[in-house]
Amino acid sequence: MIVELTQTWYLVLAALIFAIGATGLVIRRNPLVMFMCVELMLNAVNLTFVSFGNMLDDVGGQVFVFFVLVVAAAEVAVGLALVVAITRRRQGATADDLSLMRG
Amino acid sequence: MRVEMFVFVVSGAICVAGALGVVLFRNPVHNALSLVATLFGVAVLFVAQGAYFLAAIQVIVYAGAIVVLFLFVIMLLGVDQDDDVRFEPIPGIRIAAVIVGISLLGMSLIALLSSPDVVTGAPSALAPLDPATPDVNRIGAALFTDYIYAFEITAVLLTIAVVGAVMLSRQSPEVPLDTEEFPDGTMASELAIRREETSVADSVDTDGPEPADAEIAADAAGSE
Chain C
614 MIVELTQTWY
624 LVLAALIFAI
634 GATGLVIRRN
644 PLVMFMCVEL
654 MLNAVNLTFV
664 SFGNMLDDVG
674 GQVFVFFVLV
684 VAAAEVAVGL
694 ALVVAITRRR
704 QGATADDLSL
714 MRG
Chain R
5 MRVEMFVFVV
15 SGAICVAGAL
25 GVVLFRNPVH
35 NALSLVATLF
45 GVAVLFVAQG
55 AYFLAAIQVI
65 VYAGAIVVLF
75 LFVIMLLGVD
85 QDDDVRFEPI
95 PGIRIAAVIV
105 GISLLGMSLI
115 ALLSSPDVVT
125 GAPSALAPLD
135 PATPDVNRIG
145 AALFTDYIYA
155 FEITAVLLTI
165 AVVGAVMLSR
175 QSPEVPLDTE
185 EFPDGTMASE
195 LAIRREETSV
205 ADSVDTDGPE
215 PADAEIAADA
225 AGSE
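Set out below in structure tokens:
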């Protein structure tokens, strides 16, 4: 028996990756790993965009992936700069130590 | 169809395994490498769906630049020690998170699989995925006509992000990063000020060091 590969499979896989990323974002306390989980979720969304673009026969989905990629790059740059700046001032910067947005 | 199914199953398994590795491994370096596995799997799925250019971008930008940035920060800061797993800031938050994740997945699956028609929109009339033209041409044409404002705003966003990252990670010259390597008085900025003081003392002019010059020297030292 051969199961037909439809576009829905891609969406199911993307939902699975998104759920794993969302769970990891809550579970982990290291800000770097939390950023990686955000990247996982963004990638799941990218996969969804490409799948829907394929289903609707439109290039807009692929263009949107482009913008998501740029925003992800900007977010990582600023976020890692924040982590560097915070770690320089105090050791062991987990998310619990950073619950206040001040010194 | 059988080949497509095979590609989907293999790369999907790599994706899910990498995602689980990102969440479950204790060492941040292992997390970053698992993330690379997921990104490659997603790139393969992009190729399977005809988004060749995006697959290349995915590998180059995500796996090549972003993950390397992660690894740089991990190794620069030395935060590659393990998380303390036993410490739970809020009791039972992990179990709650797993329940929330599973219910999130369940809701998505119900929404996806409950009806045979997942897509409710109309097929595109203006920018179809014509297999005759390369996808780079199609993306470029759409990007620079329909999405030109979004493109320009994206450029502004990147500039702001770069300036912000430089501002945030710039080290103030008064605070040495490593006090063992740079004990008091050996910072480059302090050495420059001291050098200027001596040169000023040698000369007839006794105005003292120019504050602007000292600032420039401190800036130069801080950017190193």
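Sequences listed follow chains C and R, in order. Just so we're aligned, residue 614 is where the first sequence starts under the working numbering, counting upward by one. Just so we're aligned, residue 5 is where the second sequence starts under the working numbering, counting upward by one. Using N, Cα and C, we set each Cβ at its ideal position, and we do this for glycine too. Computed from a predicted structure; not experimentally measured.
Residue i burial status per 10 Å Cβ neighbour count (16 or more: buried)
i, result
"glycine 637 of chain C", "buried"
"proline 141 of chain R", "According to the sequence as given, residue 141 of chain R is asparagine; it is not proline. By the neighbour-count rule (16 or more Cβ atoms within 10 Å), asparagine 141 of chain R is not buried but exposed."
"glutamate 652 of chain C", "buried"
"isoleucine 99 of chain R", "exposed"
"arginine 702 of chain C", "exposed"
"glutamine 164 of chain R", "For clarity, residue 164 of chain R is isoleucine in the given sequence; the question names glutamine instead. By the 10 Å Cβ count, isoleucine 164 of chain R comes out exposed."
"glutamate 617 of chain C", "exposed"
"valine 691 of chain C", "buried"
"valine 3 of chain R", "Because chain R is modelled from 5 through 228, residue 3 of chain R falls outside the range shown and cannot be assessed."
"isoleucine 97 of chain R", "exposed"
"serine 1 of chain R", "Any question about residue 1 of chain R goes unanswered here, given that chain R covers just 5 to 228."
"glycine 82 of chain R", "exposed"
"glycine 125 of chain R", "exposed"
"arginine 602 of chain C", "No statement about residue 602 of chain C is possible, as the shown extent of chain C runs from 614 to 716 and does not include it."
"isoleucine 78 of chain R", "buried"
"phenylalanine 76 of chain R", "exposed"
Sequence-distant residues of the same chain with beta carbon closer than 6 Å to residue i, five excluded per side
i, result
"threonine 210 of chain R", "Unreliable positioning characterises threonine 210 of chain R in this predicted model, as indicated by a pLDDT of 48, which lies under 50. The coordinate reading is nonetheless provided below. Same-chain partners within the cutoff: there are none."
"methionine 647 of chain C", "Leu638 and Arg641"
"asparagine 35 of chain R", "Val26 and Phe29"
Minimum C-alpha distance to residue i - residue among the options
i, options, result
"alanine 146 of chain R", "C:Met654, C:Val676, C:Met649 and C:Val689", "C:Val676"
"valine 72 of chain R", "R:Val33, R:Phe148, R:Thr137 and R:Ile114", "R:Val33"
"threonine 700 of chain C", "R:Val7, R:Ile164 and R:Ser173", "R:Ser173"
"alanine 685 of chain C", "C:Ala698, C:Ile640, C:Cys650 and C:Thr619", "C:Cys650"
"valine 157 of chain R", "C:Asn643, C:Asn656 and C:Ala687", "Checking the sequence shown, residue 157 of chain R turns out to be isoleucine, not valine. Residue C:Ala687 is the option with its Cα nearest to isoleucine 157 of chain R."
"valine 11 of chain R", "R:Ala36, R:Leu43 and R:Gln53", "R:Gln53"
"proline 138 of chain R", "R:Gly82, R:Ser38, R:Val51 and R:Gly125", "R:Val51"
"leucine 229 of chain R", "R:Leu113, R:Ala126 and R:Val26", "This structure gives no information on residue 229 of chain R, because the portion of chain R shown stretches from 5 to 228."
"alanine 657 of chain C", "R:Gln62, R:Leu37, R:Ala36 and R:Asn35", "R:Gln62"
"leucine 624 of chain C", "R:Ala159, R:Val160, R:Ala115 and R:Val104", "R:Ala115"
7 Å CB neighbourhood of residue i in its chain, flanking five on each side removed
i, result
"isoleucine 143 of chain R", "Phe57"
"tryptophan 622 of chain C", "none"
"valine 678 of chain C", "Asn659, Phe662 and Val663"
"aspartate 134 of chain R", "none"
"methionine 654 of chain C", "Phe631, Gly634 and Ala635"
"glycine 666 of chain C", "Val672, Gly673, Gly674 and Gln675"
"glutamine 620 of chain C", "Ser664, Asn667 and Met668"
"leucine 645 of chain C", "Val696"
Check: residue i C-beta below 8 Å from any heavy atom of the ligand ADP
i, result
"glycine 25 of chain R", "Absent from the structure shown: the ligand ADP. Ligands present: none."
*Taking contact to mean at least 3 C-beta pairs separated by less than 8 Å, is the segment 103-116 of chain R in contact with the segment 625-635 of chain C?*
yes
*Is the segment 152-169 of chain R touching the segment 664-673 of chain C in the sense that three or more CB pairs, one from each, lie closer than 8 Å?*
no
*asked:* Counting beta carbon pairs with one atom in the segment 35-51 of chain R and one in the segment 66-82 of chain R, are three or more of them shorter than 8 Å?
replied: yes
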